[in-house]
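All the letters of the sequence shown, read from the start, carry residue numbers 100 to 494 under this note's numbering.
All C-beta atoms, glycine included, are put in the ideal place defined by N, C-alpha and C.
Report on the structure given below.
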Amino acid sequence: MSQELGSGLLLLGVGGGGCRLAASVRSAYGEGVRVVCADTDAQPLRTAAGAGMTTVLLGGSRLSGHGTGGDAILGRLAAQDDLETLRAQMQHARTVVILASLGGGTGGGATPEIVKALHDMGMATVCFVTRPFVFEGEARAKSADRVLPMIEENADSLIVIPQDDLFSDAREDLLGDAIQVSESLISAGVTLLWRLVTKPGFIQLDPERLHKMVLRGGNARFGFASASGVDRARHAVEALKSCRLLRKGDSLSKASAVMLGILAGPDLRLAEIGEVMGALRSHAPKGCLIEMGTVLDAQYEGRIELVALSFESWVAAVSQPAPPAKEAAPPAAAEPPVADAFPIQPGSRRSRAKGSKLSFGATGRGKFRDVEPTLHEGQDLDVPTYIRRGIALER
């Protein structure tokens with residue numbers, strides 16, 4: 100991965116499970132991935148540091164590097180103790196991909212605090228979090244469910260992965276194998292996504308496009324599939340539509356936006372891209388935005404890999420209505436920085452700045468309260484523009 104392509108993208112593992120996932124992605128992708136591991140347990144962090152990853156020990160003065168013992172409150176306090184240290188490692192990142200396993204102490208307790216801190220720093224966040232297996236017990240499931248709304252409040256895009264969805268109903272898998280396979284599948288999917296946005300391709304789906312998508316993403320689903328041989332494009336799409344992580348196609352059929360990556364070897368044909376896109380467009384609802392990118396890599400010779408982010412409530416950017424003709428246009432503002440050039444729309448988790456509102460009575464008509472209203476396209480033009488648009492002014 101070139102520094103130019105990946106410099107604004109960072110992978111953050113939180114807690115034991117999240118750090119293992121992040122390490123697995125880096126191992127599969129290579130040293131080009133910029134990874135930070137944050138945990139309350141010093142031992143796995145030493146292993147991560149030995150592999151060349153940046154590490155942050157959370158709550159070292161409070162927990163002495165011994166972990167939280169599954170206590171989410173301790174996890175939250177530990178994150179608060181070392182937020183400044185973590186912030187220092189986030190420099191130059193614009194989009195942070197967060198991996199965490201919920202149900203435990205650090206993943207469940209620290210992740211909401213960290214997501215909020217990144218939100219306050221103005222960074223776009225896409226969170227991949229796992230829910231515990233059913234066999235792990237009701238207490239861990241409830242712990243995960245308690246923190247999900249806290250993460251959702253500040254995350255720009257949130258992908259919740261129930262680990263039971265990764266396996267068949269037969270449940271014949273061994274416990275150790277199930278956990279290892281679960282982490283391998285998730286990290287493989289994230290690695291495909293990472294490769295898609297950091298490797299050059301003929302149809303580039305770069306970190307900037309990812310940034311724009313996740314900034315208004317909301318809740319999302321994540322899935323991937325592959326196929327080889329004759330009719331590989333058709334088989335890959337069918338496998339993607341039947342992916343359990345995408346609710347066997349239900350998520351795609353109800354999506355408001357989809358980010359799709361096609362990874363293949365130099366033998367990829369234009370007709371195969373058309374077949375994949377045609378099948379996906381026919382399955383997705385009318386009006387669904389589909390952002391597509393391709394990566395051609397010799398290691399994918401003979402097969403096609405598909406990776407998809409399906410956004411349930413993505414909100415497209417809309418241009419603001421022009422002011423009424425009789426009002427003087429405001430002076431031209433300086434061009435906003437890139438991070439602010441895409442206004443956040445209703446439905447996004449990004450909150451508007453809060454200020455003291457200037458009150459003009461119940462209707463906002465002021466001296467025009469007893470005058471016949473001047474209506475244009477259903478709007479009362481006697482009401483000041485900033486009140487009609489709900490803009491808060493500072494006193």
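| query | result |
| --- | --- |
| Continuous alpha helix (DSSP H) stretch holding G206: start and end | 205 to 219 |
| Cutoff 8 Å; reference A127; Cβ partners in own chain excluding five residues on either side | S286, A287, T290 |
| Cβ contact check for the segment 205 to 223 and the segment 173 to 192: 3 or more pairs under 8 Å | yes |
| Proximity of S577 and A335 at Cβ, strictly below 8 Å | Look at the range of the chain in this structure, 100 to 494, and you will see that residue 577 is not part of it. |
| Start-to-end residues for the alpha helix (DSSP H) that takes in V336 | 331 to 340 |
| Check: V135 C-beta below 7 Å from any heavy atom of the ligand MN | Ligands displayed in this structure: none; no statement on the ligand MN is therefore possible. |
| Extent of the continuous beta strand (DSSP E) run through S325 | 317 to 327 |
| C-alpha gap between L339 and S160, whole angstroms | 47 Å |
| Three-state secondary structure assigned by DSSP to D396 | coil |
| Proximity to E183 [Cα-Cα], best of S355, A171, G169, V155 | V155 |
| Separation of G401 from R245, as counted between CA atoms | 45 Å |
| Sequence-distant residues of the same chain with beta carbon closer than 8 Å to G300, five excluded per side | G392, T393, V394, L395 |
| I285 in three-state terms, based on DSSP | helix |
| Top-ranked residue by Cα proximity to D366, from D219, E252, A397 | A397 |
| Inter-residue spacing [alpha-carbon to alpha-carbon] between G360 and L345 | 15 Å |
| Straight-line Cα distance separating L201 from D170 | 12 Å |
| DSSP three-state assignment for T297, whether helix, strand or coil | helix |
| Assigned exposure category for P306 - 16 Cβ within 10 Å defines buried | buried |
| Residue closest to E251, alpha-carbon to alpha-carbon, out of G236, G149, A223 | A223 |
| Beta-carbon gap between A319 and E411 smaller than 8 Å | yes |
| Spatial distance of L405 from H218 (CA atoms) | 30 Å |
| P143 versus V124, G129, D264, H165, residue with shortest Cα-Cα distance | H165 |
| Expected contact under 8 Å - CB spacing of L388 and W413 to nearest Å | 7 Å |
| Residue closest to Q188, alpha-carbon to alpha-carbon, out of G112, L369, D263, T167 | G112 |
| Whole-number beta carbon distance between T194 and L108, since they are thought to touch under 8 Å | 5 Å |
| Cβ-Cβ distance between G317 and S409 below 8 Å | no |
| N-terminal and C-terminal residue of the beta strand (DSSP E) that C226 is part of | 223 to 230 |
| Distance between I260 and L292 (C-alpha atoms, nearest Å) | 15 Å |
| Chain D contact for D349 (CB, 8 Å cutoff) | Of the chains in the structure shown, none is chain D; there is only one protein chain. |
| Pairwise C-alpha distance: S123 and V225 | 18 Å |
| First and last residue of the uninterrupted beta strand (DSSP E) at M358 | 356 to 363 |
| Length at least 4, wholly inside the segment 105 to 175: the alpha helix (DSSP H) runs in chain order | 114 to 128, 141 to 149, 159 to 162 |
| Own chain residues within Cβ distance below 6 Å of T229, not counting five before or after | S200, I260, Q262 |
| Status (buried if at least 16 other CB within 10 Å, exposed otherwise) for M220 | exposed |
| Distance CB(V135)-CB(T153) smaller than 8 Å | yes |
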